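Q: Residue numbers (our numbering): 184 to 563.
Pasting a structure below so you can have a look.
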Amino acid sequence: MKLFPVYALNAITITKAEGARVYDEQGTSYLDFYGGHAVISVGHRHPHWVKRIEDQLGKIAFYSNSIHMPIQDELANALGRISGKTDYQLFLCNSGAEANENAFKLASFHTGRKKIVAFKKSFHGRTSLAVSATDNPALIAPVNETSNVTFLPFNDEAALQEYFKTDGHLTAAVITEGIQGVGGIQVATPGFLKLIRKLCDQSNALMIADGIQCGYGRSGHFFSHDYAGVNADLYTTAKGMGNGFPVAGVLIHPNIKATVGMLGTTFGGNPLACAAALGVIEVMEKENLIPHARDAGNYLFEQLRTLPVIQNVRGMGLMIGFDLPESHKNLRKQLLDEFKIFTGEAKPNTVRLLPTLTITRAEIDELLSALRTLTQGTQR
Ligand SMILES: Cc1ncc(COP(=O)(O)O)c(C=O)c1O
Numbered sequence: 184m185k186l187f188p189v190y191a192l193n194a195i196t197i198t199k200a201e202g203a204r205v206y207d208e209q210g211t212s213y214l215d216f217y218g219g220h221a222v223i224s225v226g227h228r229h230p231h232w233v234k235r236i237e238d239q240l241g242k243i244a245f246y247s248n249s250i251h252m253p254i255q256d257e258l259a260n261a262l263g264r265i266s267g268k269t270d271y272q273l274f275l276c277n278s279g280a281e282a283n284e285n286a287f288k289l290a291s292f293h294t295g296r297k298k299i300v301a302f303k304k305s306f307h308g309r310t311s312l313a314v315s316a317t318d319n320p321a322l323i324a325p326v327n328e329t330s331n332v333t334f335l336p337f338n339d340e341a342a343l344q345e346y347f348k349t350d351g352h353l354t355a356a357v358i359t360e361g362i363q364g365v366g367g368i369q370v371a372t373p374g375f376l377k378l379i380r381k382l383c384d385q386s387n388a389l390m391i392a393d394g395i396q397c398g399y400g401r402s403g404h405f406f407s408h409d410y411a412g413v414n415a416d417l418y419t420t421a422k423g424m425g426n427g428f429p430v431a432g433v434l435i436h437p438n439i440k441a442t443v444g445m446l447g448t449t450f451g452g453n454p455l456a457c458a459a460a461l462g463v464i465e466v467m468e469k470e471n472l473i474p475h476a477r478d479a480g481n482y483l484f485e486q487l488r489t490l491p492v493i494q495n496v497r498g499m500g501l502m503i504g505f506d507l508p509e510s511h512k513n514l515r516k517q518l519l520d521e522f523k524i525f526t527g528e529a530k531p532n533t534v535r536l537l538p539t540l541t542i543t544r545a546e547i548d549e550l551l552s553a554l555r556t557l558t559q560g561t562q563r
């Protein structure tokens, strides 16, 4: 049997990882500013995270959700504590798409409505309704085509108001990332997030905050939406939640009547996943990683803005993007080939930086020095 090709591959085989570094078969070290696509939150193989999983393996790895598992309550309490959403309920599942799928279902169950508002350049996952709410026609199979999803321009308050005038009463939910990731690191303005909240309240629709890439402390806030001072009805989370262990969740506002049987899962909330997720939260709290993400991100941001070539630096905390002119379109490849630094991308010309929240000043300086070398001789 051959493997199905998931993505276009870099010709590198990574066999070991530690902190912000990964290593190939020959032992070559790479600095990871991609974080396995924003997944690595507390560093590759953080010792506490490893120990949490190992300890749990020595007890029980899996049982079905038909029994009481105290470690799930422990995770819900810890997540309430670190996010500040103490009165929400937590539904545990396995991936970002699954979290969004279940958030849509809850919104539809709760409101009895079918319509979803999503935004241009959004990415919400590859499954049924999640992909329909993803603004990329290439990913949408005929079976996923639906008239229930309306795409509006991101950060366009007038367009949102116009839509709500006619279709607000039919709308189950508005879903938005606080910072669009795949869409090229576009930050939602506080005014836009506040308006979504207001219009949803007026029409009894729900606000879904997709925190899958921009959440879990990456922006310097637990959810990047928090900086606008609004609470969503549903938050979805995955990626950084497990630091590489597949675990995801939906945080459900107490006003939403979510009852037994509405949602279900075999693997969601298994003890190993809960142990990994608890390990992440404990490290984030002990090492003050959320303020660190803010400070380290500010430093990186300010330094990037002084470099020639690099355009439109944007983002928050350790979720930063910048654009490359045609003359430097190979810069990402050069960073990888010549300086052994992984970064992310967004088409057509955006570099995305999504390092572990434990990234140090020295590691940031290593990236900056490589960027300086690659752009030197060019006028700002
Ligand atoms: C904002 C956002 N939502 C949802 C998803 C889907 O998550 P998953 O790949 O875990 O299904 C992603 C993945 O990149 C994402 O960035």
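Glycine included, each C-beta is placed from N, C-alpha and C at the ideal position.
Please read all numbers here as calculations on a predicted model, not as lab measurements.
Count the other C-beta atoms from every protein chain shown that fall within 10 angstroms of the C-beta of Asn570, then say buried if there are 16 or more, exposed otherwise.
A: Absent from the structure is residue 570, since the part of the chain shown begins at 184 and ends at 563.
Q: I need the straight-line Cα distance from Ser386 to Asp409, nearest angstrom please.
A: Taking the straight line from one Cα to the other gives about 22 Å.
Q: What is the residue span of the beta strand (DSSP E) that Asn495 lies within?
A: Unbroken beta strand (DSSP E) run through Asn495: 494-499.
Q: I'd like to check one pair, Ala259 with Leu240: are the Cβ atoms closer than 7 Å?
A: Their beta carbons are not under 7 Å apart, which means Leu240 does not touch Ala259 by this criterion.
Q: Please list the segments of the alpha helix (DSSP H) lying wholly inside the stretch 187-252, counting only runs of 4 or more residues, in order along the chain.
A: Fully enclosed alpha helix (DSSP H) runs of 4 or longer: 218-221, 230-240.
Q: Relative to the C-alpha of Ala200, which residue among Tyr346, Gly427, Phe405 is closest?
A: Among Tyr346, Gly427, Phe405, the Cα nearest to that of Ala200 belongs to Gly427.
Q: Quick one: what's got a C-beta closer than 7 Å to Ala441's C-beta in the same chain, skipping five residues either side?
A: These residues qualify, in order along the chain: Gln272, Leu289, Ile435.
Q: Can you determine whether any heavy atom of ligand 1 sits closer than 6 Å to the C-beta of Ala421, and answer yes or no?
A: Under cutoff, so the answer is yes.
Q: Flag Ser278 as yes when its Cβ comes closer than 6 Å to any non-hydrogen atom of ligand 1, and as no otherwise.
A: True, at least one ligand heavy atom lies under 6 Å from that Cβ.
Q: Flag His307 as yes when its Cβ comes closer than 6 Å to any non-hydrogen atom of ligand 1, and as no otherwise.
A: Checking the Cβ of His307 against ligand 1 gives yes.
Q: Below 8 Å, how does it come out for the stretch 485-498 and the stretch 289-300: are there three or more Cβ pairs, yes or no?
A: Flag = no, the stretch 485-498 and the stretch 289-300 do not touch.
Q: Could you check the C-alpha separation between Pro373 and Ser407 for me, to the nearest Å?
A: In a straight line, the C-alpha of Pro373 is about 10 Å away from that of Ser407.
Q: Quick check on DSSP: helix, strand or coil for Leu149?
A: The chain is shown only over 184 to 563; residue 149 falls outside these bounds and no answer can be derived.
Q: Can you give me the start and stop residues for the beta strand (DSSP E) that Thr420 sits inside?
A: Run containing Thr420: 417-420, per the beta strand (DSSP E) assignment.
Q: Do Gly218 and Ala421 have their C-beta atoms within less than 7 Å of each other?
A: No; because the gap between Cβ atoms is not below 7 Å, this pair is not in contact.
Q: Which class does Gly462 belong to by DSSP, given the choice of helix, strand or coil?
A: Reduced to three states, the DSSP call for Gly462 is helix.
Q: Is the closest heavy atom of ligand 1 to the C-beta of Glu528 under 6 Å?
A: No, since every heavy atom of ligand 1 falls outside the 6 Å radius drawn around the Cβ of Glu528.
Q: Considering only their Cβ atoms, is the gap separating Thr419 from Ala282 smaller than 7 Å?
A: Result yes, Cβ atoms of Ala282 and Thr419 sit closer than 7 Å.
Q: Going by Cα to Cα distance, which pick from Ser224, Phe287, Ile391 is closest to Ser402?
A: Closest option to Ser402, Cα to Cα, is Ser224.
Q: To the nearest angstrom, report how far apart Phe525 and His220 are at their CA atoms.
A: C-alpha separation (whole angstroms): 10 Å.
Q: Give every residue of the same chain whose Cβ lies closer than 6 Å to the Cβ of Thr448, excluding the five residues on either side of it in the sequence, and list them in chain order.
A: Around Thr448: Cys276.
Q: Locate the alpha helix (DSSP H) running through Leu389, then write down its first and last residues.
A: It is not in any alpha helix (DSSP H) - Leu389 instead sits in the beta strand (DSSP E) that spans 389-393.
Q: Just checking my contact of Lys298 with Ala355 at CB under 8 Å: how many whole Å lie between their CB atoms?
A: Contact flag correct, Cβ pair sits at about 6 Å.
Q: Taking the straight line between their C-alpha atoms, what separation do you get for Thr541 and Met424?
A: Their backbone Cα atoms lie some 14 Å apart in a straight line.
Q: How far does the alpha helix (DSSP H) with Ile358 in it extend, from its first residue to its last?
A: It is not in any alpha helix (DSSP H) - Ile358 instead sits in the beta strand (DSSP E) that spans 354-360.
Q: Are Ile362 and Met502 touching if we call contact CB-CB under 7 Å?
A: Closer than 7 Å, so yes.
Q: Excluding the 5 residues preceding and the 5 following Asn285 in the sequence, name in chain order all residues of the same chain whose CB lies nearer than 7 Å to its CB.
A: The residues are Phe274, Cys276, Val433, Leu446.
Q: List the endpoints of the continuous alpha helix (DSSP H) containing Gln559.
A: Gln559 -> no alpha helix (DSSP H), and no H or E assigned at all.
Q: Have a look at Asp238 and Pro454 and give me their C-alpha separation to the nearest angstrom.
A: One C-alpha to the other measures close to 11 Å.
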